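Just so you know, the sequence shown maps onto residues 835 to 962 in our numbering.
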Amino acid sequence: MHPLVKLAKDTIEEYVRNGDIIKPPANLSAEMTGEAGVFVSIKKKGELRGCIGTFQPTRESIALEIIQNAVSASTQDPRFPPVSPAEIDKLEYSVDVLSEPERISGKDELDPRKYGVIVKSGEHRGLL
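This is how it looks when you write it as structure tokens:
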């Protein structure tokens, strides 16, 4: 399992089972020390079960961003009830680390296989 995904999994399992937020690993790898927006997604039987993320970094490291968003994805996604301890063994996890957003001049520059798209309407934003 990829270390970023393992951190999300360990975070969710500890929080859902015990209500505790874990600390980042002592010796963070280079990919966990940078700053970036991160999305944590949870699936159950291939169906979305929770997803929360940030477009821009809000924490001092990717590891802390994963921990915060993993807790939120498992407990605060308004589309789903909080994850229960009984579900833990049935869940699959993914972590997406975002690069800096870039402006484009037209839709012909979009490649949905490679890039996400931030859409905005008023105060609301979403990532596709």
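For glycine and all other residues, C-beta sits at the position ideal for the given N, C-alpha and C.
As the structure is a prediction and not an experimental result, all values here were calculated from the model.
For residue i, the three-state DSSP class (helix, strand or coil)
i: Ile-922; result: helix
i: Asp-942; result: helix
i: Asp-844; result: helix
i: Asn-852; result: helix
Chain D contact for residue i (CB, 8 Å cutoff)
i: Ser-928; result: Reference to chain D is not applicable here, since this structure consists of a single protein chain.
Those residues which DSSP pairs with residue i across a bridge
i: Val-839; result: BP columns for Val-839 are empty, so no partner.
i: Tyr-927; result: Ile-876
May I have a chain-ordered list of the beta strand (DSSP E) segments no shorter than 3 residues that lie completely inside the stretch 863 to 920? 872 to 878, 881 to 887
Report yes or no: do the stretch 923 to 933 and the stretch 868 to 880 share at least 3 C-beta pairs separated by less than 8 Å? yes
Per the contact definition of three or more C-beta pairs closer than 8 Å, is the stretch 881 to 889 in contact with the stretch 906 to 925? yes
Should the stretch 836 to 843 be regarded as contacting the stretch 899 to 907, the criterion being three or more beta carbon pairs within less than 8 Å? yes
Taking three-plus beta-carbon pairs below 8 Å as touching, is the stretch 890 to 899 in contact with the stretch 862 to 875? yes
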